[in-house]
Structure formats: structure tokens, C-alpha cells
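Chains as they are written, first to last, in our numbering: chain A, 362 to 746; chain B, 481 to 728; chain C, -18 to 278.
All residues carry an ideal CB built from backbone N, CA and C; glycine is no exception.
Report on the structure given below.
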Amino acid sequence: MDLKRKLQLAAYALFILSLFAVPLFTDDFGLNRASKYLVYGMLGLSIALTWGYAGVLNLGQGLFFGLGAYMMAMSLKLMSPTSLAQGSDKPIPDFMLWNAEPDAPIELCCITPGSYLWIPFQDQWFGVAMGIVVPVVVAGLLGALVFKNRISGVFVSIITLALVLLVRLIVIDAQPVTNGFNGLTDLGFFTVFGYEFDPYSREMYYLVAVSLAFVLVAGRLLADTRASLILQAIRDDQQRARHLGFDVPLYQTFFFVVSAAIAGYAGMLFVLVSEFASPTFMDLSFSVTMVVWAAVGGRSSLLGACIGAILINVIESQVSETEALVDAWKAIIGLIFVLVVLFLPRGLGGLAHDFVDWLARRDREKAHGLAASSSSPEREVKQDV
Amino acid sequence: MSDALTLDRLTVKFGAFVAVDDVTMSIADGELRVLLGANGAGKTTLMDMISGRVPCTQGHVRVFGRDITNWQEHKIAAAGVGRKFQIPSVFRNLTVKQNIEVARCHGQSVFKNLRFGMSPSDSDRVAEIVELIGLAAVQSLVAAHLSHGQTQWLELGILVAQDPKVVLLDEPTAGMTHDETYKTAEIIRRLRGNHTLLVIEHDMSFVREIAEIITVMHLGKVIAEGSVSDIETNDEVRAAYLGSAGIS
Amino acid sequence: MAEVLFIGLSLSSILLLIALGLAITYGAMGVINMAHGDMVMIGAYVTVMSKIWLDLSFFAAIPIAFFVTALIGLVIERLVVRRLYGRLLDTLLATWGISILLQQSIRLEFGLSFFGINIEGLGPGLQNVSVPSVLQGTVHVAGTDLNAYRVFIIAVTAVLTLVTWAILYRTSFGVQVRAIIRNPQMAAACGIDVKRVNALTFAFGSGLAGVAGVMMSGFKTVFPDMGSTLVVDGFLVVVAGGVGSIYGTILASGLLGEINALVALFSNDIIARAVVFAVVIAVIVLKPKGLFSFKGR
């Protein structure tokens, strides 16, 4: 195993270890905040997976995040005490009564138009399953449509952007089913075998941390497969890859779907932690913000993008404690972003790579003695993880 | 044994313009065929049709008797047709070694490639090919940093790794120096025998060195076919080259 | 029905007003300028400020807005965009950062609010512009009463489109711009000062956004974030119409504006917007080069 690989492994191990060390330093309130940052880290990773490896910049990742979030929130809404106290023996979301016709029966089947969609969500695990299935199906269909038609580059970005805004509008318009602008609030606790996950608890934090560690390791393994190498080849030259016999749209769609599944999963976790789901998840600014995290952390480094997201949010929360600085911070984020794109296009991850390359070179030169150091014809190899 | 590559009355029209007109030819298994013709004769378009890049309006393409007309590119490639482009096309952000490795990954589907690393035999083959194309010293360099000639060889290496039964080479020596051309001829000779080759080439000294049978195209049509000496003395070919001193 | 078509036409003209500048910067320079919406916002603020501080009329704000935003565009091109030619997605990201910066500088009154200094007309609040009395009420055209301000917007859009067309197709500068649209390297090889032309083109596109901002201020509330949704609409129009084609942009804005108005008639504004997004997605999927693009082999 070469030095680069060792350092990479060490970085992953160190990061995951520090995830589990956080509860030593903070209280339940802090853990709740930390959980949110980890969810953002997962989103950053999902962006880097398609952006760095497939060259597909998804400007609508909020769609998959939002879908996952809503699916989870629908189940939890039905488990909320208020839903059970609406004068029916079966749970009914409170907002449906506000939106119902005066003489409508207080039943999920028919209280508002479309309310029957909620019926299967009475089972929490249906919500959990849909939180992955719906983003996967949507991403699969979209990917098949887009990539089969050989749409690439900025056009994919624009389609994903238009789609997230489209779905956002539908969610807002479907007030009787989704509570429109207000989103789903006042949710019940996620319950596993009778144990209730309190959002402000160590257990919830560990659930999120284990999830992130799992996604990171799985993402890393996926990035080390031959499929990932072929995907990067496709990113460089689709036509060449086709003439080598690879089913290009299948590769692109597969990774797009994996990224969507991660985003959907992140959406579900976010609902558990923050206890709401809202159309703002599908705002354009949120989707672009994810891209900012990934760009700062390193667009083609999974761990880098993850750390970038967490870092930005930690700093943001520190700055936001002073009221006046909130707006100033936004301006600084804008400035950082411009500077990163101009001067550090590979982000912090790229910086780390250059450092490792430098270490490796120094190592080699030491091994070869001084004589070899002056005669290295190989230029620096920039290869992203 | 049927022929390796058979073109049957292949035609393509772009609007009213007939780029390739009723071309029929067949290339035997293991043969090296050179395709000659002036610019605009339709040679590259012919390759585009064989490899599935341009759908043909009429006619059929068969590989070992199997009709692959107008299939998708990756299916044609999987059926055993490899191609080198006129403008060298390699994976610019991957290293030389990774380029060869990609070409050595079997299977069209993403699911077949959800595994780590190469088999020992494939790894050995990759090392062999890197050696064959003379890029061993720069194998961990990203392809974007290679010189023009090196990029051409890398693309040939990708083809060798892909190991298709039928190889289409579009001007493999374009833009090369004399020494580079010599080395390219060397690589192509290695391909010979195990593969059936169709080569577009302008450099006559190079053609003389490698060719068995030459097919000459002019304005989308095949106007002559034969050995090097046949072609060099063919009147119609001379006329097609504007009555100059022929091809020299 | 005629009324709906008229509303559609005025929606179209607003779309076109925003998209025109984008069509030029994207088509000619390969720059996706996400800060374009904020140029519209700045144009609107110019109207607010010139009224408050200089007591200038609404009409006087039009040329001022053009020059202010053109100047800002020139600065952005010099400092940022110039370094990113050929990196399309990076221009999108960097200009997104600029967009945030512009919004925040208005919201924070250029940072002066930290020092307790407030400039009337800026800040996070909402601003309103009163339209001159000439443009209030209705005008009688061909037997129907039409909203005077909508007629004015349509007229201004038509004039600006004509001016843009004339610059692109009737001046030597336009020839250079079109040469760059087709092939920047070749244009440079032919002795065109690509850098200078690009800078001026970017400034002109930004200036058009500024004028659009003046128009917007007449019927919409002015606030720092108003540009974010506008730029998306503008982009969808440009992409649907076909990148690099002014005609495409004109036709696409006409199409999308009318669709918006017609769908809104039968449902509501939210659904109408959703349908417009769906149409754009369908167009990109079916015709990735846009409805009216160059024919190429």
C-alpha cells in the first residue's frame, strides 16, 4: 500500500473516530445541532459523488432531500399526539381539518382531496421505505430520460434545477395534502421496537453519526470500484467510452440514483433531528448551497465535500450567535465562494491532495537519495480521490 | 468461415448530400485493409457507420455474419468492433495506466463492474500493453500531459486492451514525426494476425509498409480495390486525384 | 381571450427583457451569469434611489440604471468572469457568489449599517416606486382597455430588442460579437480583440438587466432578493430558445409567457409557473439544443 492510500485511510478513520468523540464535548442541545451538520455533510458527499466522479453538477439535489424528508415526515406526522386528538379514532393531520370542506368525513380516505395518499404512511416503516424508494425512482426515471438522450453538462444542471422548482411548486399548491408553504410540523418521535428517538439525545446523534460513517465508507468503497473508474472515463470522454462497449447512460444513471438515495436518506435523518419538513428544502438557494459546501470542501473528494459542509455550518453557527453578523456572514460566504472557484477550484480536498503529493515526492526523493531528486522527469500527477 | 467485416450496399445521406454511396466490401478474418481517398471521400463517415456513430440510410454492416447495422455504439463495440479516432481521444484526466485499465474492464453493465481491481491476468496484460506502446515511464502521468504522438499510442493501447476482433483505425499516424510513424507501424504490426484491421491512411510510405489490399474511395463511392501496385497504376485512381502525378 | 393574450404578451416581454441580456452573455461568451437577476435588482434600486436622492423622474432612471449596471458588469467581468472563460459551470458558481455579495451589499447598505449609518432606500426592507401618472390607468387600443403600464413595458421591450438586434446585425461591433459566438479562437485569430469585445458585451448585457430592473420596479415591490427568481426564469427562456440565438430567445419568451397566462386562467399562478418549468424540461430533453438553434451536422 502506498503512502497516499495510507494517508487517505487514516483521514477517513480519524474523521469517523472524531464523529463518535463529539458527545464527550457537548450537551444534548449541541448534539442536536451537530446532528444537523452531519446531515449536511452527507449531502455534500452526495453532491461530490455525481459532480466529481460523473461530471454531473446537480443543481436540484434538494429535490431528493425534500422527497426523503416529506416521506419520513408524513409518517411521523401521523404519530404526533395532535394527529390522534382530532376527534377520530384514526390519526388525522391537524392541517387537513383546517383545509377540509365543512361536511367532509374525518377520515384519511376522504377528508381532503388526495388525503388517501397518506393511508399507508400510518405504518412508520412505509414512510422510511418510501424515503429511499421515491428519490431512487424519481432519480432513475430522470437519469434514464436525461442520459439516454445524451444530455450532458450544463443542460443536466438546468433540468435538475427546473425540476426541483417544479416539484416545490406542486408541493406548495397541494395544500390539502402537504400543508403548502407551512410544511409538516409538530411531528411524533421516530420509534424502533418501542424506543422513541428524542431529537435532543445522544441516541439520535449516534443514529446520525453511524449513518454518516456508513455512507462515507460505502461511498469510498464505491469510488474504488472499477465502475467508478469507468464512470470517470465517461466523464472525460463519453464517446470514447461508448466505443469501448460501456453502456454509458446506465453508469451515469446508477451513480445519479446512488447520490439521490443518499440525499433522500439525509432528508429523512434531517426530519428526525429537526422535527419538520418544508418546501424550503426544495428552494433553489438550498440546492446551490449544497454545491457551495461541496465546492469548498473539494468537488471530487467525498470526504472533503463532507468536511466542507460541516465546517461551513459550524463556522456559520458560531458567527450567527451575534445577530448583526448573520447578514455579514452571508456576504462572506459569497466572497469565499468566488475566491474558491477562482483560486482553489479543487477545494480543500484538492489542497490536501497536493500536500500528500508533496509528502510522497519528498519521501521518494529521500529514498532515492539526492542524486535522483534533480532528475525526476515525471510531472506532478494530479489524481483526485 | 464468413468474412470478419462485410459492408453491403452501405449508404448515408445528409439531406440531399450522399456522403457514402452504395459501398460494398468485405474484409477477411485477419486481413489488414487500407482505405484510401481524398478528403471528403467518405472514409471517416464509413467508419462512423460501422461503429454506430452515424446511422446509415440504407444497407447492412455484418461482423462475422452478424448484422449490427445501426446498433448503439456500445453494443457494436461489445460485438467486437473497436475504433481509433482521427483526433486522438483518450480519457484526459485519468493516468496512462488507468486509461488502459478502463479498456480492460469487461462487461457493458455497471453492475458487472461493481468490484475492486483487476484480475492478476488482466493486471499483467495492462502492464504488457503499457510496455508495448512505450509509455511505461509515464504510466502514472495523467493523459492530458502527454504529447500528441504519445496520445496516439495511448489510444492504440486502449484498442489493444479492448481486444476487439475488428479494429478501425482512422489516420493512426496523423501529425506524427517520421520516427513516431515508424513506432506506430510497429504497434500496428503487433495487432495484425489476431485482429482484422481497417485503416484510413494518407501517408503512402506508411501504406506501402503495412498494406495488403487497398480500397480507394472517391466522392462516397468505391472506385478501386487491389494490391499496392495495382492501385498505384490504376487510371481511375489517378484521375480521382486530379490527374496529378498520382499518389506519391 | 384577447385580454389573456395581452397579459401573456406583457409577461413575455418581461421575460424577454430579462433574458435578452442573458442570451447575449451566455450565447456570446459562454458565461452563465447568475448575478444577472441582481443586476435587475440594482436597476430597480437605482429607480428608488434616483427618486429619493435626486428627485429624478421614473423615465430618467432608465439611462442611469443602464449605465450603473453596465459599469458593475464591466467590473465583474474584469475581476472574475475574465478568469473563467471556457469553464461554463464555474462561471455559474462564481457568479452565484457574486449574486449573494450584491444582495448583501444592498441589504447591509454597503456595510455602513454596521456603523449605524443608514441610507434611505437601501437596507433589508421593501421599497416601492410610484409610476408616473402618464403610465397609470388604461389606454384604449383597438376597442379594448389595456393597462397603460403593461403597454409601456411591451413598448420598451420592443425598442430594446430592436436596439440589440441592430447592434448585433448592423454594426461592426455586432459582427465581432457574432464571430465570437460561432468560434472565439477563430475570431481571435482574425484580429478581433476578444477580451475587449467580451467585456463590452458583458457590460451591455448587464445594462439591459438594469433597464429591466427599472421596468420591474414599476409593478413589483423592490427588495434585495428580488433577482433570484428572475434569473432562473431568464435562463430557462434562453436555454429553451436555443443558446446563441436571439430569435430563439424572443420566440421562447413569447411562448412561455403565453403559456403562463393561459394556464393561469384555468388554474392559478403557482400551477402556471410549474407548467412553464415542465415545458422547459420537455424542450431540453427533446431538443437539447433549444427550439431554434443553429443547424449543425
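Minimum Cα-Cα distance from residue -13 (chain C) among the listed residues C:215, C:210 and C:128 corresponds to C:128. Within the segment 674 to 698 of chain A, those residues whose Cβ lies closer than 8 Å to any Cβ of chain C are, in chain order, 685, 688, 689, 691, 692, 694, 695, 696, 697 and 698.
In the three-state DSSP reduction, residue 128 (chain C) falls in the strand class (E or B). Contacts with chain A at 8 Å (Cβ-Cβ) include residue 213 (chain C). Collapsing the DSSP output to three states places residue 656 (chain B) in coil. Considering only beta carbons, the part of the segment 593 to 604 of chain B lying closer than 8 Å to chain A consists of 593, 594, 595, 596, 597 and 598, in chain order. For the C-beta of residue 563 (chain B), the chain A residues within less than 7 Å are, from N- to C-terminus, 604.
In the three-state reduction of the DSSP assignment, residue 103 (chain C) falls in the coil class. Rounded to whole angstroms, the gap between the alpha carbons of residue 221 (chain C) and residue 271 (chain C) is 5 Å. Taking a cut-off of 8 Å on C-beta distances, the segment 652 to 664 of chain B touches the segment 611 to 631 of chain B, as three or more cross pairs fall below it.
Within chain C, the C-beta atoms nearer than 8 Å to that of residue 656 (chain A) come from 74, in chain order.
At a cut-off of 8 Å between C-beta atoms, residue 373 (chain A) does not count as an interface residue with respect to chain B. Annotated three-state conformation of residue 117 (chain C) is coil, per DSSP. DSSP places residue 701 (chain B) inside the beta strand (DSSP E), whose first and last residues are 701 to 706.
In the DSSP secondary-structure assignment, residue 562 (chain B) is bridged to B:647. A straight line joining the alpha-carbon of residue 483 (chain A) with that of residue 213 (chain C) spans about 38 Å.
By alpha-carbon distance to residue 437 (chain A), the top candidate from A:453, A:580 and A:586 is A:453.
Listed along chain A, the residues sitting closer than 8 Å to residue 89 (chain C) by beta-carbon distance are 688, 689 and 692. About 6 Å separates the CB atoms of residue 173 (chain C) and residue 160 (chain C); that is less than 8 Å, so the two are in contact. Proximity of residue 79 (chain C) to chain A, defined by a Cβ-Cβ separation below 8 Å, is satisfied. When Cβ-Cβ separations below 8 Å define contact, residue 640 (chain A) makes no contact with chain C.
In the DSSP assignment, residue 88 (chain C) falls within the unbroken alpha helix (DSSP H) covering 69 to 88. With the criterion set as a beta carbon lying under 9 Å from some beta carbon of chain A, the members of the segment 541 to 554 of chain B are 552, 553 and 554, in sequence order.
Residue 708 (chain B) and residue 514 (chain B) have their C-alpha atoms some 10 Å from each other. At a Cβ-Cβ threshold of 8 Å, residue 496 (chain A) and residue 625 (chain A) count as neighbours. By the neighbour-count definition (other C-beta atoms within 10 Å, threshold 16), residue 585 (chain B) is a buried residue. Comparing C-alpha distances from residue 521 (chain A) to each of A:417, A:509 and A:383 shows the shortest one belongs to A:417. Among the residues facing chain B, residue 728 (chain A) is not included, as its CB has no counterpart in that chain under 8 Å away. By the rule that beta-carbons nearer than 8 Å mark a contact, residue 69 (chain C) touches chain A.
Chain A has no Cβ within less than 8 Å of the Cβ of residue 616 (chain B). Between residue 607 (chain A) and the set B:559, B:512 and B:537, the nearest pair of CA atoms involves B:559. The segment 417 to 427 of chain A makes contact with the segment 651 to 671 of chain A; the number of CB pairs closer than 8 Å reaches 3 or more. With a cutoff of 8 Å on beta-carbon distance, residue 647 (chain A) and residue 410 (chain A) are scored as not near each other. A residue is called buried when at least 16 other Cβ atoms come within 10 angstroms of its Cβ; residue 690 (chain A) meets this threshold and is buried. The beta-carbon of residue 380 (chain A) is placed no less than 8 Å from the nearest beta-carbon of chain C.
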